[in-house]
Amino acid sequence: MSPRITRRRLVLAAAAASTVIAASVAVIGTAEAASTLGASAAQSGRYFGAAIAAGRLGDSTYTRILNTEFNSVTPENEMKWDATEPQQGRFSFTNGDRILNQGLSNGSKVRGHALLWHAQQPGWAQSLSGTALRNAAINHVTQVAAHYKGKIYAWDVVNEAFADGGSGARRDSNLQRTGNDWIEAAFRAARAADPAAKLCYNDYNTDGINAKSTGIYNMVRDFKSRGVPIDCVGFQSHLGTGIDSSYQANLQRFADLGVDVQITELDVAQGGNQANIYATVTKACLAVSRCTGITVWGIRDTDSWRGGENPLLFDGSGNKKAAYTSVLNALNAGGTTTPPTTTPPTTNPPTGGACSATVTLNSWNGGYVANVRVTAGSAAVNGWTVTTTLPSGSAITGVWSATNTGTSGAVSFRNVAYNGQVPAGGSTEFGFQGTGTGPGTSLACAAA
Ligand code: G3I
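Those letters in the sequence shown? Residues -33 to -1, 1 to 415, per mature numbering (1 follows the signal peptide of the UniProt record, and there is no 0), in order.
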């Protein structure tokens, strides 16, 4: 299924009232009316940006709106892996530099997007695996971040690494199969290459408190507790005709971990609610003091990747839409300007209950890939261990989202830091691959 269809379905399914919970510690300031999005956002210290394409910079209507309205830019495709390293070790920054220079010459921030992603990889990377892929990925992060050193406001270091649905687990990908620590390795490499850039994790279908956003939340909490360098979380916010009522609360819980939050790829399906949803997102960002800015994913409806949905702030002729006015009015109504009060998350979860584990097996490369779902019983679990005895001739060759003891015969898998806590009735996933034949469909699970 295409990610786009999946995304839209989930967004539509999540449609709900647009109640926004007021921030309790925020000081609301009233900004004077400004006449552009960037200028208005700047009054509360924020940016308002757009994703732009190098191929459109010759369009005078496009660049007029860009230079007038926005004070941040993100390359829609030009800094992705396939664009910047089309052949291994041979880097191409021409179009990325065009976006960078367009932004810098206009006094804008530049968001870098995206150093590592399972999609839009060059063909040579798609055909790598294991240590060769890991080394190539880290080298890519290092080289690209070094090329733009000192010029990028924030990098999407890793994009879309979590699975959709209720698992809260990592997405399977060639990068994930290099080992569960690939994300933290990427963040460490990015920090070393460009210490001044804010380093973000970016994802979609995280527009409320749900299993996927909670999986990411747990990873960020783990990173912060272990000193893995992460500064921000991007919420893409490709929205349908509704918005989750916990949108603002979700931003706030991440901010409370001690990271900035940013709306990174906002677009909203055209319908009766479009202007209201845009306003709701804008107000939510303004109400969260660590929400540093908003980026819309394109300028005119005709520039959008969502062909036919008219999801942006300007119509195909470059005219301002009702959605534009609602965003500007929301920005001009003011936002929080006080620094955040960071409250460390509670680290005293409840004592754990029972769990169960089921496995889905797929043949792979002469062996198998096992995806295991761990489900909590009627009480939350605070750590889990799954055990099984592998058939004779089977040996584990890789594990993700768990730590294993043993590789053949009797083996066990212990949760890692970010997926040990499973709410009552909730579930998480881990996986392993091996030679020979995999285990049966039901594994033993013990809660901590
Ligand atoms: O530039 C080539 C052109 O030379 C060729 O003729 C044409 C034929 O298909 O393809 C053109 O490249 C396309 C590129 O956009 C530029 O238009 C790619 O096929 C197409 O896949 C690519 O789509 C981009 C998509 O990411 C790729 O997954 C969209 O523009 C871009 O908006 C979209 O952005 C993503 C974010 O990076 C991450 N979050 C989701 C978001 C929307 O999918």
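Built from N, CA and C at the ideal position, the CB exists for glycine as well. In this text the structure is predicted, and so the values were computed from the model without any measurement.
field: As assigned by DSSP and simplified to three states, the class of Leu227
entry: For the purposes of this step, residue 227 is taken as the residue at position 260 of the sequence shown. The question names Leu, but residue 227 in the sequence shown is Asp. DSSP places Asp227 in strand when its eight states are reduced to three.
query: How about Ile32 and Gly285: are their beta carbons less than 7 Å apart?
result: Residue mapping note: residue 32 aligns to position 65 of the sequence shown, counting from 1. Residue mapping note: residue 285 aligns to position 318 of the sequence shown, counting from 1. Their beta carbons are under 7 Å apart, which means Ile32 touches Gly285 by this criterion.
field: Whole-angstrom distance between Asp198 and Ala159, CA atom to CA atom
entry: Here residue 159 corresponds to residue number 192 of the sequence shown, with the count starting at 1. Here residue 198 corresponds to residue number 231 of the sequence shown, with the count starting at 1. Straight-line Cα distance between these residues: approximately 14 Å.
message: Am I right that Val108 and Ala157 are in contact with their C-beta atoms under 8 Å? What's the rounded C-beta distance?
response: For the purposes of this step, residue 108 is taken as the residue at position 141 of the sequence shown. For the purposes of this step, residue 157 is taken as the residue at position 190 of the sequence shown. Indeed, because the Cβ distance is near 5 Å, the residues count as touching under 8 Å.
- prompt: Where does Asp148 land, buried or exposed, given buried means 16+ other C-beta within 10 angstroms?
  reply: Start at 1 with the first residue of the sequence shown, and residue 148 comes out as number 181. Using a 10 angstroms sphere on the CB of Asp148, the tally of other CB atoms stays under 16, which defines it as exposed.
field: Close Cβ partners of Val226 (< 8 Å) along its chain, the five nearest in sequence each way excluded
entry: Position 259 of the sequence shown, counted from the start, is the residue given in the question as residue 226. For Val226, where only same-chain residues beyond five positions count, the Cβ hits under 8 Å are Val187, Lys191, Ile197, Asp198, Cys199, Val200, Arg257.
- prompt: How is the alpha helix (DSSP H) around Trp91 delimited, first residue to last?
  reply: Counting from one through the sequence shown, the residue named residue 91 turns up at place 124. Start and end: 90 to 93.
- request: Within the same chain, show all residues whose beta-carbon is closer than 7 Å to that of Val383, passing over the 5 residues directly before and after it, in chain order.
  value: Indexing the sequence shown from 1 puts residue 383 at position 416. Correct list, in chain order: Asn147, Ser368, Ala369, Thr370.
Residue closest to Cys322, alpha-carbon to alpha-carbon, out of Ala347, Gly117, Gly275, Gln54: The residue you call residue 322 lines up with position 355 of the sequence shown. That would be Ala347, whose Cα lies nearest to the Cα of Cys322.
query: Mind checking Arg101: buried by the 16 CB within 10 Å criterion, or exposed?
result: Here residue 101 is taken as the residue at index 134 of the sequence shown, counted from 1. The residue is buried, with at least 16 neighbouring Cβ atoms inside 10 Å.
- request: Would you kindly check if the distance between the Cβ of Arg78 and the Cβ of Ala121 is under 7 Å?
  value: For this step, residue 121 is matched to residue 154 along the sequence shown. For this step, residue 78 is matched to residue 111 along the sequence shown. Cβ atoms of Ala121 and Arg78: closer than 7 Å.
- prompt: Can you tell me the Cα-Cα spacing of Ala164 and Asn185, whole angstroms?
  reply: Start at 1 with the first residue of the sequence shown, and residue 164 comes out as number 197. Start at 1 with the first residue of the sequence shown, and residue 185 comes out as number 218. Rounded to whole angstroms, Ala164 to Asn185 spans 23 Å at the Cα level.
message: Report the CB separation of Leu95 from Val124 in whole angstroms; it is logged as a contact under 8 Å.
response: In the sequence shown, counting from the first residue as 1, residue 95 sits at position 128. In the sequence shown, counting from the first residue as 1, residue 124 sits at position 157. At roughly 19 Å, the Cβ-Cβ gap does not stay under 8 Å, so Leu95 and Val124 are not in contact.
- prompt: So which of Val195, Thr30, Pro358, Gly56 has the shortest CA-CA distance to Lys66?
  reply: Position 99 of the sequence shown, counted from the first residue, corresponds to residue 66. Looking at the sequence shown, residue 66 is not Lys but Ile. Of the candidates Val195, Thr30, Pro358, Gly56, the one whose C-alpha sits nearest the C-alpha of Ile66 is Thr30.
message: Are the CB atoms of Trp91 and Asn126 within a distance shorter than 7 Å?
response: Locating residue 126 in the sequence shown gives position 159, where the first residue counts as 1. Locating residue 91 in the sequence shown gives position 124, where the first residue counts as 1. No; because the gap between Cβ atoms is not below 7 Å, this pair is not in contact.
Short Cβ contact (7 Å threshold) for Gly350 with Gly320: As a working mapping, residue 350 is identified with position 383 in the sequence shown. As a working mapping, residue 320 is identified with position 353 in the sequence shown. No, they are not a contact pair.
query: Can you tell which of Thr327, Ala300, Thr374 has its C-alpha closest to the C-alpha of Ala6?
result: On the sequence shown, position 39 is the one that residue 6 refers to. Proximity to Ala6 across Thr327, Ala300, Thr374 peaks at Ala300, based on C-alpha coordinates.
query: Quick one: what does DSSP say Arg340 is sitting in, helix, strand or coil?
result: In the sequence shown, residue 340 corresponds to position 373, counting from 1. Here Arg340 sits in strand by DSSP.
query: For the stretch 118 to 176, which segments carrying the alpha helix (DSSP H) assignment without a break, of at least 4 residues, lie completely within its bounds, in sequence order?
result: 149 to 160
field: 7 Å Cβ cutoff met for Thr372 and Ser361
entry: Locating residue 372 in the sequence shown gives position 405, where the first residue counts as 1. Locating residue 361 in the sequence shown gives position 394, where the first residue counts as 1. No.
message: For the beta strand (DSSP E) containing His80, name the first residue and the last one.
response: Indexing the sequence shown from 1 puts residue 80 at position 113. Note, His80: beta strand (DSSP E), 76 to 84.
- request: State the start and end residues of the unbroken beta strand (DSSP E) segment that holds Thr354.
  value: In the sequence shown, residue 354 corresponds to position 387, counting from 1. Segment 351 to 356, the beta strand (DSSP E) holding Thr354.
task: Give the DSSP bridge partners of Pro42, in chain order.
output: The count along the sequence shown starts at 1 and reaches residue 42 at position 75. Partner(s): Ile19.
message: Once the 5 residues before and after Asn329 are set aside, which same chain residues still bring their CB inside 7 Å of it?
response: For this step, residue 329 is matched to residue 362 along the sequence shown. Within the same chain, Asn329 has close Cβ partners Tyr335, Val336.
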